[in-house]
Structures are given as C-alpha cells and as structure tokens.
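There are 2 protein chains.
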Amino acid sequence: MNTELSAPGPSATAVEKGFCPVYRAIGVLQEKWVLHIVRALLDGEKGFNELARAVGGCNSATLTQRLEHLETLKIIDKRTEDTHGKLARSVYTLTPVGRELQSVIDAIDTWGRAHLQEGHPGVVSAQGC
Amino acid sequence: MNTELSAPGPSATAVEKGFCPVYRAIGVLQEKWVLHIVRALLDGEKGFNELARAVGGCNSATLTQRLEHLETLKIIDKRTEDTHGKLARSVYTLTPVGRELQSVIDAIDTWGRAHLQEGHPGVVSAQGC
DNA sequence: TACACCGCTTGACATTTTAAACCGGTGGGC
DNA sequence: GCCCACCGGTTTAAAATGTCAAGCGGTGTA
Numbered sequence: 001m002n003t004e005l006s007a008p009g010p011s012a013t014a015v016e017k018g019f020c021p022v023y024r025a026i027g028v029l030q031e032k033w034v035l036h037i038v039r040a041l042l043d044g045e046k047g048f049n050e051l052a053r054a055v056g057g058c059n060s061a062t063l064t065q066r067l068e069h070l071e072t073l074k075i076i077d078k079r080t081e082d083t084h085g086k087l088a089r090s091v092y093t094l095t096p097v098g099r100e101l102q103s104v105i106d107a108i109d110t111w112g113r114a115h116l117q118e119g120h121p122g123v124v125s126a127q128g129c
Numbered sequence: 001m002n003t004e005l006s007a008p009g010p011s012a013t014a015v016e017k018g019f020c021p022v023y024r025a026i027g028v029l030q031e032k033w034v035l036h037i038v039r040a041l042l043d044g045e046k047g048f049n050e051l052a053r054a055v056g057g058c059n060s061a062t063l064t065q066r067l068e069h070l071e072t073l074k075i076i077d078k079r080t081e082d083t084h085g086k087l088a089r090s091v092y093t094l095t096p097v098g099r100e101l102q103s104v105i106d107a108i109d110t111w112g113r114a115h116l117q118e119g120h121p122g123v124v125s126a127q128g129c
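First to last, the protein sequences are chains A and V.
Residues in the first sequence are numbered consecutively from 1, following the UniProt record's numbering.
Residues in the second sequence are numbered consecutively from 1, following the UniProt record's numbering.
Written out as structure tokens, the structure is:
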C-alpha cells in the first residue's frame, strides 16, 4: 500500500509502475530456475530429464511449468522427436529470441566470477561451469 | 533454500552440479525483486519508501528482507542519514560490486526492448520507464 | 522377466510473498 | 493544540508458489 504511487486501483502490483519491457523482462527472468534453464539450453538442446539434471535440482513439476511458460513466451521451442516407432522424446531448444539471452547470461557470468569467488574449501572448481 | 549462498552443507541439490560462481550469481539475482531493486538503485540512492515505490509493488516486509540479504552480500550499502535534528532517514546505495550489475541490467534491458514489445492483455501503459 | 531409463502428472506439503494493519516519530497546515 | 500525511519499518494470517515422492505408460538392455 505504501508502495502505491497514486493508483487506488484493485489490481495493484506491476501496473502502477507503468508497462515497460525491462520491467517485464526482469519479471520473466527472475522466475525461479528460468536463468538456469536458459543457461543449460545455451549449451545445446536437451530432453526433459537431461535438462533437469543440467539445471541441477529443479524438480519435474516446477520444470514442466517453467518450460510451458517459456514456450508461450517463445523463448524456447518444444519439439517431439518422433524416433523409431513409438517412443517420443521431447527436445527443448532455444528460439532465436532465447538465444539472445546469451548476453544476459554472459553478463551474469562475468559478474559472478569477479565478485562471488569466495568458494568453500574442498570444493574444487569443477567445470560444466 | 537450495540456492543459498552460504550453505556450508555439502549435501543436497545444487552440489552435484559442481560449485560455480555463475550458478550462485543466478541464485542471487533470481530472487524476487532483486533485479528491480538493483535497477532502481542504479538510478541513484534511495530511502526505504522511495525505493519501494521505484521498484513498483514490492511490499515492505519482502523489501526489508531483500535489502538485508543484499547488504550481507555487499551489493548494497545502508546508511543512516542523520538529517537536521532527530529524524533519521535510511539511505540505500549500491556498492561498487552492486554497480557492476549495470551490465546485467543493460543486457536485460536490451533484450527486453528487442523482444518484449508486444503489449500484454490488461496492462495499461503509463510512464516511469 | 527384471530393472533402469524416458517424459511427464498428481496430490500432499513446505516455503515465500502478500496485503493490511500497526508502531513510534517528524513536519506542516490550521 | 489537533489532524493528517509521511518516514522506516514490524507483525499477522492467508494466498501464491515451489517442492517432494510416488507413480503412470512406455521402451531398451540384459
């Protein structure tokens, strides 16, 4: 309430800020796991479980939900690979739009490496990073 | 909790991915409102309520919590301004580390402007962007 | 036949975010 | 002096969101 500018409006939240692409972009990217998913996919297309593993800890329910959302936003593409016979493998890829998030991930990566180094002893800097 | 930075526990989730700063950075930046807060502060230091308004919709409880977290991460600084007489105003600023998130915000900004232009049903545009 | 993997879905549960009211204090108008 | 708006928050309970574990139909490998 104290965060309102002036709007006595019912819907509140993001609206009174006025719509802007940056605001929305942040809204999308801050959803839990989204950046992890994008990062994993920048590394190449992946199947569902494969993606879950690459992302590192997201459970299937959440992952399904995120993937649906990202698909409607046209950030990723879901393709059902009709392999031999009946088994259909789902493959997730970034769309061109999604691939452009590379710059965002890079920026985060750079920042993280520069400022978040305080690692724990015993944790060897693995790759896959 | 699994994205916790300080987790000393060798157990659980994120670990099998192997520790890496990017992973951790994503963990920090994806917390709700964090990017909004950083963006607002990149625009100049702000008081508590002022920040809440700039961020656009975050409630005070969450904001308090986020600010504390960001402070322990040394991304922001809290200063208590001893204004004329008695009234103490709290002012939040980005540290140099926090200021370097400018590149991340810029990347998101660029991406958002390029790909998120189409309106969203029900969201009326205003200003402040 | 048995067992491990695939891509999910379900339903119960835990955590996080939220609105709203409230606290003590300041400052200004009347 | 009284009223009321603003400051920086805290507290509550309820809603939203995320998670866990189990399980489904199906395949492929041994």
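In this text, a Cβ means the ideal position worked out from N, Cα and C, and glycines have one as well.
Counting along the chain, where does the alpha helix (DSSP H) carrying residue i start and finish?
i, result
"residue 37/A", "34-42"
"residue 76/A", "Looking at the DSSP string, residue 76/A is not in any alpha helix (DSSP H); the run it does join, the beta strand (DSSP E), is 76-82."
"residue 112/V", "102-115"
"residue 30/V", "No alpha helix (DSSP H) holds residue 30/V; DSSP gives it neither H nor E."
"residue 98/V", "96-99"
"residue 70/V", "60-72"
Going by DSSP, name the residue or residues bridged to residue i.
i, result
"residue 45/A", "Answer is none; residue 45/A lacks a bridge partner."
"residue 88/A", "82/A"
Looking only at its chain, what residues have a beta carbon closer than 7 Å to the beta carbon of residue i, apart from the 5 residues adjacent to it on each side?
i, result
"residue 102/A", "42"
"residue 161/A", "Here chain A comprises residues numbered 1 to 129, so residue 161/A is not present and cannot be evaluated."
"residue 150/A", "For residue 150/A there is no data in the structure shown, the boundaries of chain A being 1 and 129."
"residue 57/V", "none"
"residue 50/A", "none"
Please say whether residue j and residue i have beta carbons closer to each other than 8 Å?
i, j, result
"residue 45/V", "residue 92/V", "yes"
"residue 26/V", "residue 36/A", "yes"
"residue 21/V", "residue 113/A", "yes"
"residue 90/A", "residue 74/A", "no"
"residue 104/V", "residue 111/A", "yes"
"residue 52/A", "residue 63/A", "yes"
"residue 98/V", "residue 28/V", "no"
"residue 107/A", "residue 107/V", "yes"
Go through its chain and collect everything with a Cβ distance to residue i's Cβ below 6 Å, but skip five positions before and after it.
i, result
"residue 100/A", "none"
"residue 48/A", "90"
"residue 109/A", "none"
"residue 94/A", "41, 76"
"residue 69/A", "none"
"residue 117/A", "none"
"residue 120/A", "No answer about residue 120/A holds up, because its pLDDT of 41 lies below 50 and its placement is not dependable."
Excluding the 5 residues preceding and the 5 following residue i in the sequence, name in chain order all residues of the same chain whose CB lies nearer than 8 Å to its CB.
i, result
"residue 71/A", "77, 78"
"residue 65/A", "none"
"residue 1/A", "A caution first: residue 1/A carries a pLDDT of 32, below 50, which makes its placement in the model unreliable, though a value can still be read off. Taken in chain order, the list of residues that qualify is empty."
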